[in-house]
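Numbering (our numbering), first residue to last: 6 to 155. Idealized CB from N, CA, C, for every residue including glycine.
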C-alpha cells in the first residue's frame with residue numbers, strides 16, 4: 006500500500022518540509038470566506054446580485070458586502086439547498102433529538118458552517134493557528150458543499 010501511495014506522498018512531504026504549505030497567513034487563507042448575508046441562500050436561493058445584475062441587489066453594492074470583491078469573485082456561486090430540504094433536516098433533528106448521534110452530527114454541521122464563514126467568526130483563525138496541518142486547506146468557502154450535504 007505504501008509503495009502505491011509513494012508518488013503522491015513524496016511531494017506532500019516535500020511541501021510540508023519546505024515550511025510553506027498553503028497560505029502564508031490566516032488573512033490570506035480566509036480570502037474567500039462565506040459572507041453571513043449569504044446564509045439566507047440556503048433557504049431562498051441566490052437573492053443577492055448575479056454577475057449580470059439582472060436581479061437582486063446591484064453588483065456595486067454587493068462589492069462592499071463581500072470582501073473578495075463581489076459575487077463575480079466568490080468561490081461558490083450559490084449555496085442553495087432549498088426550503089423543503091432545510092425543513093426536513095430540522096424535522097429529522099427534532100425527531101431524533103434523544104439520540105446522541107444526532108447532536109454529534111448537528112454539532113459537526115455547525116462546526117463546518119462556522120469554518121466556512123471564515124473571517125466573520127474567529128473559529129477558522131483558531132483552527133488555522135492551532136492545527137498546522139489545516140494550513141494547506143485555504144479558502145473557507147470550499148467547505149460550503151459539505152455544509153450543503155449536511
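### Task
With DSSP collapsed to three states, give me the class of residue 19.
Residue 19: helix per DSSP, three-state reduction.
### Task
Pick helix, strand or coil for residue 105, following the three-state DSSP scheme.
helix
### residue 15 classed as buried or exposed, judged by whether at least 16 other C-beta atoms fall within 10 angstroms
exposed
### Query
Which residues in the same chain have their Cβ closer than 7 Å to the Cβ of residue 48, if we skip the five residues on either side of it in sequence?
88 and 91
### Task
Look up residue 82 in the DSSP assignment and say whether it is helix, strand or coil.
coil
### Message
Buried or exposed, going by whether 16 or more other CB atoms sit within 10 Å of the CB of residue 117?
### Response
buried
### Query
How about the stretch 109-128 and the stretch 141-149: do they share at least three Cβ pairs that are nearer than 8 Å?
yes
#### Entry: Contact under 8 Å by Cβ, residue 4 with residue 31
Only positions 6 to 155 of the chain appear in the structure, and residue 4 is not among them; the question remains open.
### Integer Cβ distance of residue 34 from residue 133, believed to fall under 8 Å
Cβ-Cβ separation between residue 34 and residue 133: approximately 6 Å, consistent with a contact (criterion under 8 Å).
#### Entry: residue 94 beta carbon less than 8 Å from that of residue 101
no
### Query
Got a sec? Which residues, its chain only, sit under 8 Å from residue 4 by beta carbon, not counting five neighbours each side?
The chain is shown from 6 up to 155; residue 4 falls before or after that span and cannot be answered.
### Query
residue 99: buried (16+ other C-beta within 10 angstroms of its C-beta) or exposed?
exposed
### Message
Let's see if you can read the secondary structure: which residues bound the alpha helix (DSSP H) around residue 35?
### Response
Run containing residue 35: none; DSSP gives neither H nor E here.
### Exposure label - residue 8; buried when at least 16 CB within 10 Å
Here residue 8 is exposed, its C-beta having fewer than 16 other C-beta atoms within 10 Å.
### Query
Exposed or buried, what is residue 39 when buried is set at 16 or more other beta-carbons lying within 10 Å of its beta-carbon?
buried
### Message
Tell me the residue span of the alpha helix (DSSP H) that contains residue 46.
### Response
46-49
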